[in-house]
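One structure below.
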Ligand SMILES: Cc1ncc(C[n+]2csc(CCOP(=O)(O)OP(=O)(O)O)c2C)c(N)n1
Ligand SMILES: Cc1ncc(C[n+]2csc(CCOP(=O)(O)OP(=O)(O)O)c2C)c(N)n1
Ligand code: SF4
Ligand code: SF4
Ligand SMILES: [Mg+2]
Ligand SMILES: [Mg+2]
């Protein structure tokens, strides 16, 4: 069993002091420890953004891809070696702007990876522009008079799109967040955890204080059952997604188990050669 | 007032005899006549697919773009000349596979164009592969043992994403379809009309007969009020989207009216030069 | 040598009819080559399928047609100029007319009526097949056997009706047109051959080369690679995922490559353009990836069903920033198989994206290929430099230096799942450990490492091949499907003419090109694009002087060997033309 | 000439401090040039800002620093080598140490403490500004005036505190270090100048050129163009849309271009790679579009905050299929303005995408520019060939031939909204009316039409500029920000050395390049990339012989004029070096 320390790289962080991403990092590391993962069998795919730098700080196999494409990379990785624990991380711009198409298709494909979106309602790395989750009226360098677009509600979209695991955490609420990530990893299909992770430099509206005042914690609300799509949608609608906890989960079989003939042994462990008998059968289809 | 005839190009169709797209074409032409549009002030943006060829047959300003990108082209067009009636058309692959990201963002942007998705649950032009709306188990050249992905439910997604006009038509039910397109054009924001348009060559499951048996017509169901998001979602959920009619509409102000300082006169009608006073004000910000 | 063609409307089964003829002739020991003319539409619109049948290898199409089976008048009108005295077999039902001045014999048979009388007009093409067999003087049995197996699953009634259709067509020709049966094909040669396309060969090569993942998105003329793997992968435990777009496809391939599986994607121009950004990631993060570009008429949607070789510069230079890419260019169906296997080897050995560039003609047209040239189980697989578990463990507390500098620029890699091998693969510039680095000196070294490493490809692969005399007066230079066309042209050019073709376009095999071309008096670069992309590339590498001329074609139609011969003759000194 | 630098951690206001100095010095009539060193992170990490102040135009940075303001020890350690006897002004709070062997004078002031005593340590940098003013011997008043206006909106207390900060810093230097005040800048020259970047100039040029729509997605170092237009467009009725990605941005620009509005997008490498497919659409459908590529270190995410010129080949050849693209390469901030205006003219005149390629240095570094060189209201706007309403009506029942063939390849267009002008614009190959066509003859003509049309750009634009002697021994060839560096190098090379630079990279101005370079004995192509992309391009166009050498740099750091001088000297014959 690996320890928290073993999941650290010791590299000095490039994040601003106070950034929400520190909390996401710690929660991910705790969750990895909790599920009994080990650094060598863990793979983390990250997108581009302040958030995307998270892979630099977790001792594991890390791949830092192009902006918006973390999810397809994770699909490739998972099918190549289905024994790996695969986590995917990125920002709200990475996930819901340039990455929106892949996000919707990952949900319907339901392959077994855990997607952690570090949502700060702003573009951090490019120094403060409006993001798809920015609220209407949010002022940035690209919308100095306030955003005029309806914000994306990622959780509602995920539930509507047929997701099998949908949760939201807050980087300041460590135990809940770590637990949600742990459950996401344990879920045998695609799990989405949208994490409120404040940007202290470019978002002066959706601050820690603001969230502490407005966020509702489902865990404190006795009786919430996360197994019904309509209840989940209604809850998200009522709270305007200002809610943390496990919102929806269903029993499921992951994509990789449904692919006809797909090997249960990780592909990377197989002999790459084709055997003569199979080969002749294949050629026979061309005769 | 233009006549139906004036909206025809007379070009010989490239579609298979019996293709649902013929009905979509006619309904679009009827709707254009009904709203009093004229060919010279109508612009049609089409994607790539059998569906995307629709522009060849409508006498209007037509632009046939790259696969999946009809919506951003329409945004460009509309802001360039806001007096135009802008229709956008494409297939289910064009809209919901490669075009998914733009689709979600067009919904939240709510600019005033009408999007007609010609949905046949299959890739027609590339000769019959699975599409994002193909049902689970649907067999094609790429899923000979049946599709294993959850189908996209475009209407639910649209309603969840904050769309202001969502409808579904059936290419065989002409009066309703033409009427829905007409209402979409009249709606002062983004309108989505998903149209069931059977592919007689590559989809032997979701046929005209199959739809005639399974589709429920909201117009025949007295009392349905398309002004409530939750009712809309519930209806779509219950019917598994096998329903036609106006599903949701709200009063709205289009994007182009919300852009700070954006000209009410079409840009193409303005003097491109900048006047000296404005210029000096701009330079002053750099002093 | 004989050229047979069938033509009609799209959606009328022209394809499968041509396939029957090609398959049966191949089985009998003839060499076949099939060429289809089709449009970007599903039904309607003229389509035709030409099959050349010969007693030796054939890998191009020529102008002449000996027998034209016409299912409508348009077919006659559009193709009659190819006949030069040949036969037209037309369906009586459309009252065929021979255009004025046509140099052809018109035979008619009531193809539709015969089919109808046998139960379904769907069998019209089978009647035509039987009639064609008689005209070509191929034995009826072989066709009857073929349909018996082909329709087996559909039940005895269908089998019998189709046998009847073929037989009737055959018999009617024998009965009515015996006098015209003058074609002599010559004796078939023994051998075990398959009739396959370049796309088939690539899919086969991928399987043989250990590829078990394919992420793709449909597009003409690449789709068949994905579709073939969908059929074949279940038997080897692999998976094909139809992605939401090509951005997703290439990135999934990169994810798989990072994890250590052999993965690929295939597309054509529009999809390849979308992959440009991610290919740069694979280059910088040194991740193997195999990408097939089956070129078609561009730019943009262009001419999606037409032949062209116009993505070459984009394959080399399409992404932002400084990279070298490995671009393999097979010049035959057999080379498609070889290069598909090799692409996976090179990708892992050099830890880099490898592109296989084919073109529509090479990708889609079927031809006879020796079974022994498709020896899947026996290909050699080179996994490239990896650290052993022992090496990794020996690192102890030290961080694994994934990108450590080395003389050949190649650094051993570790794969996820291996103890102690954790590292960061990133598209951001990084130091030897993988950690992001903005240090100028490191940047320069890393850039040199990546660029020089790829020059190693030239050391292990002959990138420019040559066939011909030692002291050629003229060398024809080709690529892709053009190579087969030039080879056929060579048969008709008895002078001192040689053929040079690219097997590796990048890294550019400059030394080899220079030495091969050195003795030639003239060099004609034959390419199917408007910009003369190969010429430009040669010039950019200093291979250019006044011996060079270009022969370009960009109207969507392949070169004909005859055209090449004419053009070549104009360069050769008169005494040497026989 | 004097070089001042301030350094500290990112997020500590280094940028705005440098800007104050540059702005005030410029207002006083000096020419300034600012250069920033920064990383891809928001806070933390060393950053510095160097401002050169001179009495004549300056457009490059050099090695030497005269005055270094250090806010931490790292700043001293990293930059002390530039000082060559200059001064370091350091904050006492970190107990600064002069490294052993350093050739510099260390002065200290309690910057932080002074600021704290005035109410907030946020004002530390203002104290440093005041101290710098004294060291450079610039009048205090000008700085006091500046902060008075700058902080006006924040109320009197803030204004007073900042005035106090500047004044105290100034006075402390005068009091404590009077003996060291030996710098003499010389007299400023009259003139009305603004301190702006290439990005500013492009945004200004876009507005002047009639652009009213910008579709963009943030990316370093292009974002400022979008952000400037967000600020300025409301006053001219335009709109900026922050799109979901670059695929959307470019396609929206094309939609707008089809409709007849002038629209643009801007990005850097990764975004440009994503635009490759759509640029082909604009080429084939003949739709105007303007795209700015502010190049940075590639490939992939590469070195996002570092200088490079490595997208050039991708800009020319990145898309699939045969196209020529118009690529403009401004070599100064003023040329950025000119070329932005001209890009919209060329895009509409030639109905094609036009790319403006700059680079990080040109895009981000501020310099003094004459106001009269930014004459927005007076630029000429050419809308290109369109049909008049009368012409359209005169068509009667005839279909408008949008793509009709013409001698120069340009066909008049109609705009949506115009009666009788309806047509189909498509990326599929089409005939003169716009309707899809697969006819080979039409294909060839259409391809020729599109390619030859663009050669017309060369006729109206001088694509390669030259400055220098008529009979140069050496010509330095540059592009983008390198041009300013080479120009500065020229001042130090008294031999027969000239400067040639590209204003149009494509269509390649081959005749002009050849004639300019003809008299030179040596040609040194100076480019900031690893592959020698401009050299390759020149060679591809037959411009290459043994007079050519390359000087490449790809470590993320701009060339220094001194480095160019050294390299150039090695080529010049000894007698001519003075
Ligand atoms: C194709 C491409 N476009 C744009 C960029 C520039 N870019 C880097 S990060 C980023 C967005 C950052 O926002 P988000 O995803 O919310 O991450 P955060 O920094 O807020 O964590 C952008 C636009 C890029 N790297 N690649
Ligand atoms: C970038 C790109 N990828 C792939 C293609 C090939 N392609 C053309 S149409 C199409 C999908 C057609 O399906 P759909 O959108 O449902 O339209 P339909 O033909 O069914 O009307 C594809 C994949 C393309 N043209 N461009
Ligand atoms: S800019 Fe915002 S998101 Fe980025 S590191 Fe700083 S606080 Fe975090
Ligand atoms: S293939 Fe299907 S969608 Fe395409 S034209 Fe034929 S019937 Fe219509
Ligand atoms: Mg963010
Ligand atoms: Mg479809």
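Chains as they are written, first to last, in this note's numbering: chain A, 1491 to 1777; chain B, 1491 to 1777; chain C, 363 to 940; chain D, 363 to 940. The beta carbon of each residue, even a glycine, is placed where N, CA and C say it ideally should be. Everything numeric in this text was worked out from a predicted model, so none of it was measured.
Roughly how many angstroms separate the alpha carbons of residue 833 of chain C and residue 900 of chain C, rounded to a whole number? One-based indexing of the third chain puts residue 833 of chain C at position 471. One-based indexing of the third chain puts residue 900 of chain C at position 538. Those two C-alpha atoms are separated by around 21 Å.
So is residue 825 of chain D buried or exposed if we call it buried at 16+ other beta carbons inside 10 Å? Translated into the one-based positions of the fourth chain, residue 825 of chain D becomes position 463. With 16 or more Cβ atoms within 10 Å of its Cβ, residue 825 of chain D is classed as buried.
Quick test of your reading: residue 1572 of chain A and residue 613 of chain C, contact by CB under 8 Å. State the CB separation rounded to the nearest angstrom. Within the first chain, residue 1572 of chain A is the residue found at index 82, counting from 1. Within the third chain, residue 613 of chain C is the residue found at index 251, counting from 1. Actually they do not touch by this definition, with Cβ atoms about 18 Å apart.
Whole angstroms is fine: what's the gap from residue 934 of chain C's alpha carbon to residue 456 of chain C's? By one-based count along the third chain, residue 934 of chain C stands at place 572. By one-based count along the third chain, residue 456 of chain C stands at place 94. Roughly 48 Å between the two C-alpha positions.
Runs of 4 residues minimum, wholly inside the stretch 671-732 of chain D: which ones carry the alpha helix (DSSP H) assignment? 674-679, 695-712 and 722-726
Cβ pair residue 715 of chain C, residue 625 of chain C closer than 8 Å: Locating residue 715 of chain C in the third chain gives position 353, counting from the first residue. Locating residue 625 of chain C in the third chain gives position 263, counting from the first residue. Not closer than 8 Å, so no.
Counted within 10 angstroms of its Cβ, other Cβ atoms place residue 755 of chain D as buried (16 or more) or exposed: In the fourth chain, the residue the question calls residue 755 of chain D occupies position 393. By the neighbour-count rule (16 or more Cβ atoms within 10 Å), residue 755 of chain D is not buried but exposed.
Could you check what DSSP says for residue 861 of chain D in three-state terms: helix, strand or coil? Position 499 of the fourth chain, counted from the first residue, corresponds to residue 861 of chain D. Note: residue 861 of chain D maps to strand in three-state DSSP.
How would you list, in chain order, the residues of chain B whose beta-carbon sits under 8 Å from the beta-carbon of residue 1772 of chain A? Position 282 of the first chain, counted from the start, is the residue given in the question as residue 1772 of chain A. None at all; the shortest Cβ gap to chain B is about 15 Å.
Flag residue 562 of chain D as yes when its Cβ comes closer than 7 Å to any non-hydrogen atom of ligand 5, and as no otherwise. The residue given as residue 562 of chain D occupies position 200 in the fourth chain. Outside the cutoff, so no.
Uninterrupted alpha helix (DSSP H) stretches inside the stretch 1588-1639 of chain A (no shorter than 4 residues): 1590-1599
Please classify residue 748 of chain D: does DSSP put it in a helix, a strand, or coil? To locate residue 748 of chain D, count along the fourth chain from 1; it is residue 386. It is a strand residue.
Nearest by alpha-carbon distance to residue 527 of chain C: which of C:542, C:515, C:508 and C:722 is it? In the third chain, the residue the question calls residue 527 of chain C occupies position 165. Of the listed residues, the one whose Cα sits closest to residue 527 of chain C is C:508.
Span of the beta strand (DSSP E) around residue 829 of chain D: Residue 829 of chain D sits at position 467 when you count from the first residue of the fourth chain. Segment 826-829, the beta strand (DSSP E) holding residue 829 of chain D.
Below 8 Å between beta carbons: does that hold for residue 490 of chain C and residue 431 of chain C? Here residue 490 of chain C refers to the residue found at position 128 when the third chain is read from its first residue. Here residue 431 of chain C refers to the residue found at position 69 when the third chain is read from its first residue. For residue 490 of chain C and residue 431 of chain C, yes; Cβs fall inside 8 Å.
Could you give the distance in angstroms between the alpha-carbon of residue 383 of chain D and the alpha-carbon of residue 408 of chain D? The count along the fourth chain starts at 1 and reaches residue 383 of chain D at position 21. The count along the fourth chain starts at 1 and reaches residue 408 of chain D at position 46. In this structure, the CA atom of residue 383 of chain D is about 20 Å from the CA atom of residue 408 of chain D.
To the nearest angstrom, how far is it from the Cα of residue 938 of chain D to the Cα of residue 869 of chain D? Position 576 of the fourth chain, counting from 1, holds the residue named residue 938 of chain D. Position 507 of the fourth chain, counting from 1, holds the residue named residue 869 of chain D. Because the pLDDT of residue 938 of chain D is 47, which lies under 50, any placement of that residue in the model is unreliable, and the question is left without a value.
Can we say the stretch 876-885 of chain D touches the stretch 627-635 of chain D, given the rule of at least three CB pairs closer than 8 Å? no
Which residue wins for smallest C-alpha separation from residue 889 of chain D, given the options D:461, D:492 and D:921? The residue you call residue 889 of chain D lines up with position 527 of the fourth chain. Ranking D:461, D:492 and D:921 by Cα distance to residue 889 of chain D puts D:921 first.
Indicate whether at least one CB of chain A lies closer than 8 Å to the CB of residue 1600 of chain B. For this step, residue 1600 of chain B is matched to residue 110 along the second chain. True, the Cβ-Cβ gap to chain A drops below 8 Å.
Cutting at 8 Å between CB atoms, please list the residues of its own chain near residue 1758 of chain A, excluding the five before and the five after it. Along the first chain, one-based indexing puts residue 1758 of chain A at 268. So the list reads 1570 and 1571, once near-sequence residues are dropped.
Using 7 Å as the cut-off, classify the Cβ of residue 581 of chain D as near or not near the heavy atoms of ligand 1, replying yes or no. Counted from its first residue, the fourth chain places residue 581 of chain D at position 219. Taken from the Cβ of residue 581 of chain D, at least one heavy atom of ligand 1 lies inside 7 Å.
Measuring only between beta-carbons, confirm whether residue 1505 of chain A sits less than 8 Å from chain C. As a working mapping, residue 1505 of chain A is identified with position 15 in the first chain. False, the Cβ-Cβ gap to chain C never drops below 8 Å.
What's the C-alpha gap between residue 401 of chain D and residue 891 of chain D? Translated into the one-based positions of the fourth chain, residue 401 of chain D becomes position 39. Translated into the one-based positions of the fourth chain, residue 891 of chain D becomes position 529. Each residue's alpha carbon lies about 20 Å from the other.
What is the rounded straight-line gap between the Cα of residue 1691 of chain B and the Cα of residue 1708 of chain B? Taking the second chain and counting its residues from 1, one reaches residue 1691 of chain B at position 201. Taking the second chain and counting its residues from 1, one reaches residue 1708 of chain B at position 218. Near 29 Å, if we compare the C-alpha coordinates of residue 1708 of chain B and residue 1691 of chain B.
Ligand 1 and residue 1506 of chain A: does the residue's C-beta get closer than 7 Å to at least one heavy atom of that ligand? Counting from one through the first chain, the residue named residue 1506 of chain A turns up at place 16. Not so, every heavy atom of ligand 1 lies at least 7 Å from the Cβ.
Name the chain B residues whose beta carbon is nearer than 8 Å to that of residue 1513 of chain A? Locating residue 1513 of chain A in the first chain gives position 23, counting from the first residue. Within chain B, no residue has its beta carbon less than 8 Å from that of residue 1513 of chain A; the closest one is some 28 Å off.
Nonlocal neighbours in the same chain, by C-beta distance under 7 Å from residue 1696 of chain B, ignoring five residues either side: By one-based count along the second chain, residue 1696 of chain B stands at place 206. The residues are 1611 and 1688.
Limits of the unbroken beta strand (DSSP E) element including residue 1704 of chain B: For this step, residue 1704 of chain B is matched to residue 214 along the second chain. Taken as a continuous stretch (DSSP letters only), residue 1704 of chain B belongs to no beta strand (DSSP E), being part of the alpha helix (DSSP H) at 1698-1704.
Does any C-beta atom of chain A lie closer than 8 Å to the C-beta of residue 784 of chain C? Reading the third chain from its first residue, position 422 is the one you call residue 784 of chain C. Yes, because at least one Cβ of chain A sits closer than 8 Å to the Cβ of residue 784 of chain C.
Under a CB-based cut-off of 8 Å, is residue 672 of chain C close to chain D? Position 310 of the third chain, counted from the start, is the residue given in the question as residue 672 of chain C. It does; some Cβ of chain D falls within 8 Å.
Let me make sure I understand the geometry here. Which of B:1777, B:1519 and B:1524 has the alpha-carbon closest to that of residue 1534 of chain B? Translated into the one-based positions of the second chain, residue 1534 of chain B becomes position 44. The closest CA to that of residue 1534 of chain B, considering only B:1777, B:1519 and B:1524, is found on B:1519.
Quick check for students: name the residue ranges of the alpha helix (DSSP H) that lie wholly in the stretch 383-444 of chain C, counting only runs of 4 or more. 435-441
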